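In our numbering, the protein residues as written are 201 to 544.
For glycine and all other residues, C-beta sits at the position ideal for the given N, C-alpha and C.
Every value quoted in this text rests on a predicted model; they were computed, and no experiment measured them.
Comments concern the structure below.
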């Protein structure tokens with residue numbers, strides 16, 4: 201059955217972002233955001249989306265029928281381990297006429313939540329496929345869509361890449377000492393966050409470090425942060441092994457910030473964007489690389505180094521000891537501290 205004109209118009213309008221999925225009703229919640237509003241928010245989550253943004257709920261099957269009229273745009277991914285400049289890159293790929301970056305769409309988080317509640321794998325795969333189609337809707341014809349999911353989506357990265365065999369993916373991470381400094385700098389909130397993340401990783405079955413349940417309970421906050429980081433490194437390594445370096449590359453945030461031009465050039469190749477030197481220069485001079493991704497205030501690579509140094513001075517002893525412990529755990533578990541297929 202053909203979609204009604206009104207529904208077709210909504211489905212074809214990139215300003216209607218698929219925001220949440222309700223599995224009980226098989227319905228998609230949409231929120232209307234302009235490209236400028238995408239640029240202004242840190243993430244496309246309810247914490248940052250304007251309170252008065254228009255919203256609507258549609259049956260997924262109706263939207264899917266409407267979208268059958270539109271060929272999907274190229275879709276690529278930035279999977280990350282958190283606190284590694286992933287938002288910088290998502291902002292960098294907001295290049296009119298070339299690509300659009302989506303920053304942590306919540307509808308993908310809903311897929312993880314549903315999975316953890318025991319979703320039927322076949323149905324979950326079908327809904328995930330529909331969700332990726334919904335997200336592959338750029339603001340201008342010919343643009344690719346580059347999605348930076350929340351890092352809780354890493355467990356679903358194999359499924360997402362399997363469903364989209366033409367998609368490329370960057371696996372972005374911070375060097376372990378930098379990651380630990382970021383967590384320590386955020387105090388109690390950061391330490392609580394890594395424990396919540398690690399609990400989710402245990403539930404997802406992606407932690408295989410050779411430690412027992414009691415040993416995990418005995419870990420300090422920064423040891424938990426390091427264990428979670430190692431689990432993600434192990435997952436990244438397996439993604440490279442499964443999908444190959446032609447589709448999946450790895451990059452650490454220190455290399456990204458030290459060599460942003462080289463990074464953008466090679467990501468352009470990985471995602472098939474065809475950016476020339478002038479276009480890359482414009483990106484590097486734009487807000488993604490010159491302002492803080494959370495506050496939009498001026499923020500350079502040197503500022504990031506200074507921020508990390510301040511945390512290092514306060515927590516140096518603990519960070520050093522945890523880093524040594526993590527290296528020993530990684531060696532015993534056969535986990536590489538630097539995944540294969542580096543972008544640079």
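Mind checking who residue 428 pairs with in its DSSP beta bridge? Along the chain shown, read from residue 1 onward, the residue named residue 428 stands at position 228. The partner list for residue 428 (beta bridge, DSSP) is empty, contrary to what the question assumes.
Touch check for the region 477-492 and the region 352-372: three-plus C-beta pairs under 8 Å? no
Helix, strand or coil: how does DSSP classify residue 281 here? As a first step, residue 281 is located in the chain shown; it is residue number 81 there, counting from the start. In the structure shown, residue 281 sits in coil (DSSP, three-state: anything other than H, G, I, E or B).
Ordered along the chain, which non-local residues of its own chain (more than five positions away) have a Cβ less than 7 Å from that of residue 208? As a first step, residue 208 must be located in the chain shown, where it is residue number 8. Taken in chain order, the residues that qualify are 266 and 269.
Buried or exposed for residue 304, going by 16 or more other Cβ atoms inside 10 Å? Start at 1 with the first residue of the chain shown, and residue 304 comes out as number 104. Residue environment: residue 304 is assigned as buried (16 or more neighbouring CB atoms within 10 Å of its CB, all protein chains considered).
Using the three-state DSSP reduction, which class does residue 210 fall into: helix, strand or coil? The residue you call residue 210 lines up with position 10 of the chain shown. If DSSP states are grouped into helix, strand and coil, residue 210 belongs with the helices.
Over the uninterrupted alpha helix (DSSP H) stretch that includes residue 398, give me the two end residues. Position 198 of the chain shown holds residue 398. Start and end: 387-404.
Terminal residues of the continuous beta strand (DSSP E) containing residue 299? Within the chain shown, residue 299 is the residue found at index 99, counting from 1. Unbroken beta strand (DSSP E) run through residue 299: 299-303.
Going by C-alpha distance, which of 330, 428, 418 and 233 is nearest residue 227? Indexing the chain shown from 1 puts residue 227 at position 27. Comparing Cα-Cα distances from residue 227 to each of 330, 428, 418 and 233, the minimum goes to 330.
Can the beta-carbon of residue 457 be found closer than 8 Å to that of residue 285? Against the chain shown, residue 457 aligns to sequence position 257. Against the chain shown, residue 285 aligns to sequence position 85. Yes, Cβ-Cβ distance for residue 457 and residue 285 is below 8 Å.
Does the separation of the CB atoms of residue 542 and residue 467 fall below 8 Å? For the purposes of this step, residue 542 is taken as the residue at position 342 of the chain shown. For the purposes of this step, residue 467 is taken as the residue at position 267 of the chain shown. No. Outside cutoff.
DSSP three-state assignment for residue 262, whether helix, strand or coil: Position 62 of the chain shown holds residue 262. DSSP places residue 262 in helix when its eight states are reduced to three.
How many whole angstroms separate the CB atoms of residue 281 and residue 416, which I take to be in contact at a CB cut-off of 8 Å? On the chain shown, residue 281 is found 81 positions in, with the first residue counted as 1. On the chain shown, residue 416 is found 216 positions in, with the first residue counted as 1. Between residue 416 and residue 281 the Cβ distance is about 18 Å, and since that is not below 8 Å, they are no contact.
Give the straight-line distance between the Cα atoms of residue 526 and residue 259, rounded to the nearest whole angstrom. Position 326 of the chain shown, counting from 1, holds the residue named residue 526. Position 59 of the chain shown, counting from 1, holds the residue named residue 259. Rounded to whole angstroms, residue 526 to residue 259 spans 47 Å at the Cα level.
State the Cα-Cα distance for the pair residue 219 and residue 254, rounded to the nearest angstrom. Here residue 219 refers to the residue found at position 19 of the chain shown. Here residue 254 refers to the residue found at position 54 of the chain shown. Near 12 Å, if we compare the C-alpha coordinates of residue 254 and residue 219.
Buried or exposed for residue 433, going by 16 or more other Cβ atoms inside 10 Å? For the purposes of this step, residue 433 is taken as the residue at position 233 of the chain shown. Looking at its Cβ environment, which holds 16 or more other Cβ atoms inside 10 Å, residue 433 is buried.
Completely contained beta strand (DSSP E) runs for the region 221-274, where each covers 3 or more residues: 227-232 and 255-259
Got a sec? Which residues, its chain only, sit under 8 Å from residue 427 by beta carbon, not counting five neighbours each side? Stepping through the chain shown from its first residue, residue 427 is reached at position 227. 398, 407, 409, 411, 416, 419, 526 and 529.
Nearest to residue 234 by CA position, among 436, 221, 225 and 250, is which residue? The residue labelled residue 234 in the question sits at position 34 within the chain shown. Considering only alpha carbons, the answer is 250.
Taking just the CA atoms, how far does residue 429 sit from residue 170? A query on residue 170 cannot be resolved here, the shown segment of the chain reaching from 201 to 544 and no further.
Taking its Cβ as the centre, do 16 or more other Cβ atoms sit within 10 Å of residue 261, making it buried, or is it exposed? Translated into positions along the chain shown, residue 261 becomes position 61. Looking at its Cβ environment, which holds fewer than 16 other Cβ atoms inside 10 Å, residue 261 is exposed.
Going by beta-carbon coordinates alone, are residue 277 and residue 369 separated by less than 8 Å? Taking the chain shown and counting its residues from 1, one reaches residue 277 at position 77. Taking the chain shown and counting its residues from 1, one reaches residue 369 at position 169. Yes; because the gap between Cβ atoms is below 8 Å, this pair is in contact.
Start-to-end residues for the beta strand (DSSP E) that takes in residue 291: The sequence position of residue 291 within the chain shown is 91, counting from 1. It is not in any beta strand (DSSP E) - residue 291 instead sits in the alpha helix (DSSP H) that spans 286-292.
Close beta carbons around residue 336, own chain, < 8 Å, minus the five adjacent residues each side: Taking the first residue of the chain shown as position 1, residue 336 is located at position 136. Answer for residue 336: 272, 273, 274, 275 and 345, listed in chain order.
Can you find the residues in the same chain that come closer than 6 Å, C-beta to C-beta, to residue 455, ignoring five residues on each side of it along the sequence? Position 255 of the chain shown, counted from the start, is the residue given in the question as residue 455. Within its own chain, the residues whose Cβ lies closer than 6 Å to the Cβ of residue 455, once the five positions on either side in sequence are excluded, are 544, listed in chain order.
Backbone CA spacing between residue 447 and residue 312 [nearest angstrom]: In the chain shown, the residue the question calls residue 447 occupies position 247. In the chain shown, the residue the question calls residue 312 occupies position 112. The straight-line gap from Cα to Cα measures roughly 23 Å.
From residue 520 to residue 422, what distance separates their C-alpha atoms? As a position in the chain shown, residue 520 is number 320, starting the count at 1. As a position in the chain shown, residue 422 is number 222, starting the count at 1. Taking the straight line joining both Cα atoms gives about 11 Å.
Quick one: is residue 341 buried, meaning 16 or more other Cβ sit within 10 Å of its Cβ, or exposed? On the chain shown, residue 341 is found 141 positions in, with the first residue counted as 1. Answer is exposed; the Cβ neighbour count stays below 16.
Give the secondary structure of residue 452 by DSSP, where H, G and I count as helix, E and B as strand, and everything else as coil. Start at 1 with the first residue of the chain shown, and residue 452 comes out as number 252. In the structure shown, residue 452 sits in a strand (DSSP, three-state: E or B).
Rounded to a whole number of angstroms, what is the C-alpha to C-alpha distance between residue 318 and residue 324? Residue 318 sits at position 118 when you count from the first residue of the chain shown. Residue 324 sits at position 124 when you count from the first residue of the chain shown. In a straight line, the C-alpha of residue 318 is about 10 Å away from that of residue 324.
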